[in-house]
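I have placed the structure first, in the form of structure tokens, so that the comments after it can refer back to it.
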Amino acid sequence: SLHCYDKVPLHGSLVNPLARAPVREYLDVGVKAINGLLSIGKGQRMGLFAGSGVGKSVLLGMMTRFTEADVIVVGLIGERGREVKEFIEDILGEAGLARAVVVASPADYSPLMRLHGAMLATSIAEYFRDQGKQVLLLMDSLTRYAQAQREIALAIGEPPATKGYPPSVFSLLPQLVERAGNGAEKGAITAIYTVLTEGDDQQDPVADAARAILDGHIVLSRSLAEAGVYPAIDVEASISRVMPQIVSVEQRQQAQRFKQHYALYQQNQDLINIGAYNPGTDPKVDEAIALYPSLQSFIQQSLDEASNWQQSHDALSNSLYSARSTQVWQGEGQAVIN
Numbered sequence: 169s170l171h172c173y174d175k176v177p178l179h180g181s182l183v184n185p186l187a188r189a190p191v192r193e194y195l196d197v198g199v200k201a202i203n204g205l206l207s208i209g210k211g212q213r214m215g216l217f218a219g220s221g222v223g224k225s226v227l228l229g230m231m232t233r234f235t236e237a238d239v240i241v242v243g244l245i246g247e248r249g250r251e252v253k254e255f256i257e258d259i260l261g262e263a264g265l266a267r268a269v270v271v272a273s274p275a276d277y278s279p280l281m282r283l284h285g286a287m288l289a290t291s292i293a294e295y296f297r298d299q300g301k302q303v304l305l306l307m308d309s310l311t312r313y314a315q316a317q318r319e320i321a322l323a324i325g326e327p328p329a330t331k332g333y334p335p336s337v338f339s340l341l342p343q344l345v346e347r348a349g350n351g352a353e354k355g356a357i358t359a360i361y362t363v364l365t366e367g368d369d370q371q372d373p374v375a376d377a378a379r380a381i382l383d384g385h386i387v388l389s390r391s392l393a394e395a396g397v398y399p400a401i402d403v404e405a406s407i408s409r410v411m412p413q414i415v416s417v418e419q420r421q422q423a424q425r426f427k428q429h430y431a432l433y434q435q436n437q438d439l440i441n442i443g444a445y446n447p448g449t450d451p452k453v454d455e456a457i458a459l460y461p462s463l464q465s466f467i468q469q470s471l472d473e474a475s476n477w478q479q480s481h482d483a484l485s486n487s488l489y490s491a492r493s494t495q496v497w498q499g500e501g502q503a504v505i506n
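Taking our numbering, the leading residue of the sequence shown gets 169, the next gets one more, and so forth.
Given below as structure tokens:
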């Protein structure tokens, strides 16, 4: 049986925003694409936006194993019951479970239990934060939490609004999310909330509302996942709003150059693939084509491979400079890097 010695309020207690410590330190999550391009700070609230089957759970598992945090609190809200034991045994393992708390409220639970599951996970994270711990809160998913509130609100007669979501859903989301973050003392809750985008629609009402109240978002791309790129992070559509405050000017500039080269290649990809682009037409496009293999390689990472903060920074630098002095053009629109 579970013995509890302390009690905390399920709905939490409000923290004066003026008393919160600002986000000034980075959090090493062990994923180089996030460490290098979308750096997360201690106390940041981040969204992980993805459709079904694009590697959301895999990326969460990597962050669970590799993140440098004192305590990890996992809230599995409204997901498949089969995933609970798999997450504990296959993803967390014995080493991860030693510093983790898992709160599960699967899809077959009542909507009120699903709401309370998300609140309980947040309350546990608050408890450890108030003890001065660095806490990583992973909640999968914020969309199921919103859907549970929709079921309750419609059952009591609240009128539906956008896509059937009553107004109370959009007032409840910030109440949950604002409980995470830095405390008045040394502790912090860094929260990652997954958001399901139905049909890969980034303008879904819940996704749109979550994007507005979070401190950044990581978008997973179905096209990258189908191409075998994991984690399938869409670096063009993703952003970390606190990154300028937690990384050096050098890394910020490197991340900007990376995104510029990557976006330029994507814009001209059709021309490049059919051989319609003539080398030498645009020096910036030429450089983007030469660098693209190393840029793509930087995003990819094996599931059991951890990349710490320094390794991620070194890999980012190498991806930008490895091909600049050795690019050779052969044939029509093909770059060969030696």
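Where a beta carbon is used, it is the ideal one built from N, C-alpha and C, also for glycine.
Note that the structure is predicted; figures quoted are calculated from it, not measured.
With Ile537 and Ser207 assumed to form a contact (beta carbons below 8 Å), what rounded beta-carbon distance in angstroms separates them? As shown, the chain starts at 169 and ends at 506. That puts residue 537 outside it, with no answer to give.
Output yes or no for whether 8 Å exceeds the beta carbon distance between Val222 and Arg390. Residue 222 sits at position 54 when you count from the first residue of the sequence shown. Residue 390 sits at position 222 when you count from the first residue of the sequence shown. Yes, these two residues count as a Cβ contact at 8 Å.
Nearest to Ala400 by CA position, among Leu195, Ala218, Ala189 and Lys175, is which residue? Your numbering for residue 400 matches position 232 in the sequence shown. Looking at the Cα atoms, Ala218 is the closest of the given residues.
Considering Cα atoms alone, identify which of Leu322, Ala266 and Val345 is closest to Pro334. Mapped onto the sequence shown, residue 334 falls at position 166. Among Leu322, Ala266 and Val345, the Cα nearest to that of Pro334 is on Leu322.
Beta strand (DSSP E) segments (min. 3 residues) lying fully within the region 295-334: 302-308
Sheet register partners of Leu213 (DSSP bridge): The count along the sequence shown starts at 1 and reaches residue 213 at position 45. Correcting the residue identity first, residue 213 is Arg in this sequence and not Leu. Per DSSP, Ala359.
Provide the residue(s) that pair with Tyr194 in DSSP beta bridges, ordered along the chain. Residue 194 sits at position 26 when you count from the first residue of the sequence shown. Answer by DSSP bridge pairing, in chain order: Gly209.
What residue ranges within the region 197-272 form continuous beta strand (DSSP E) runs of no fewer than 3 residues, ordered along the chain? 213-218 and 239-245
For Asn350, the residue or residues it bridges with in DSSP: Translated into the one-based positions of the sequence shown, residue 350 becomes position 182. DSSP lists Ala356 as partners of Asn350.
Rounding to the nearest angstrom, what Cα-Cα distance links Thr494 and Val242 in this structure? Numbered from its first residue, the sequence shown carries residue 494 at position 326. Numbered from its first residue, the sequence shown carries residue 242 at position 74. Model confidence at Thr494 stands at a pLDDT of 46, short of 50, so the residue's coordinates are unreliable and nothing is read from them.
DSSP on Thr494, reduced to helix/strand/coil? Start at 1 with the first residue of the sequence shown, and residue 494 comes out as number 326. Here Thr494 scores only 46 on pLDDT, less than 50, and its place in the model is too uncertain to base an answer on.
Among Gln371, Met411 and Gln469, whose alpha-carbon lies nearest the alpha-carbon of Gln212? As a position in the sequence shown, residue 212 is number 44, starting the count at 1. Answer by Cα proximity: Met411.
When the Cα of Arg409 is compared with those of Gly325, Thr449, Gln371 and Val191, which residue comes out closest? On the sequence shown, residue 409 is found 241 positions in, with the first residue counted as 1. Looking at the Cα atoms, Val191 is the closest of the given residues.
What are the start and end residues of the alpha helix (DSSP H) that includes His429? Position 261 of the sequence shown, counted from the start, is the residue given in the question as residue 429. For His429, the uninterrupted alpha helix (DSSP H) run begins and ends at Val417 to Gln435, by DSSP.
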